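So the sequence shown is numbered by the numbering used here: it starts at 2 and just counts up by one.
What follows is a single structure, written as structure tokens, with notes after it.
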Amino acid sequence: MSGKRNGICGILEENKNKKRKWRIDMQADQINENEMKLEFDARSVNEGFARMAVAAFVAELNPTLDEISDIKTAVSEAVTNAIIHGYDSPEEKVEVSCKLCGNHAEITVKDHGHGIADVQKAMEPFFTTRPELERSGMGFAFMEAFMDEVEVHSAPGKGTTVTMKKKIGAGMGV
């Protein structure tokens with residue numbers, strides 16, 4: 002973990018006379034910050050493992066069953082996309098990381114495969130590059146429906162990174 006964070010966990014304060022600024026980075030146990038990383042072969046059988054591992058990790062935030070279901074569905078879609086569209090070989094790797102901070106979960110799914118030439122087109126409902134595999138083209142639509150934020154970064158030949166964020170307890174006034 003770097004010494005300087007610009008995310009939701011860092012706190013920037015200013016003193017009263019505004020001459021000095023300082024950064025306060027709390028310890029992980031003080032702000033409920035935690036992180037896990039997984040790497041596994043790009044095999045369909047590993048999608049369930051990734052989905053359950055992330056769900057178990059996020060459980061520390063005490064999510065509702067609906068929130069866990071949303072996260073599991075989004076992770077399933079992102080990992081499946083990486084396996085089906087990212088690679089031609091199951092020996093390649095998929096990386097999944099999950100960061101918890103406060104009541105937020107940030108999940109990243111990354112492959113180093115083919116990449117996406119036109120991300121906007123790929124995110125359109127029903128668009129698929131693998132119709133012969135009977136893919137519905139709804140993966141990104143599901144991710145966007147179940148998560149608060151979805152970002153996709155990709156380049157042909159360089160792979161794809163999907164980052165999804167969800168606030169846990171959002172429907173409970175937290």
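Glycine is no exception: its CB is placed at the ideal position from the N, C-alpha and C atoms.
Note that this is a predicted model, so its numbers are computed, not measured.
**OP:** Flag this pair as touching only if the segment 71-85 and the segment 50-57 have three or more C-beta atom pairs under 8 Å; answer yes or no.
**Re:** yes
Original post:
From T65 to G170, what does the alpha carbon distance come to, in whole angstroms?
Top reply: 7 Å
**OP:** Check T74 in the structure and name its three-state DSSP category.
**Re:** helix
Subject >> Secondary structure of E150, DSSP reduced to three states >> reply: strand
**OP:** May I have the straight-line CA-CA distance separating A142 from M124, to the nearest angstrom?
**Re:** 7 Å
**OP:** Helix, strand or coil for A118, going by three-state DSSP, please let me know.
**Re:** coil
Original post:
Using a Cβ-Cβ cut-off of 6 Å (strictly less than) and excluding sequence neighbours within five positions of N82, which residues of its own chain qualify?
Top reply: G140
Subject >> D67 versus A60 - alpha carbon distance >> reply: 12 Å
Original post:
Taking only beta-carbon atoms, is A142 less than 8 Å away from chain C?
Top reply: The structure shown contains no chain C; it is built from a single protein chain.
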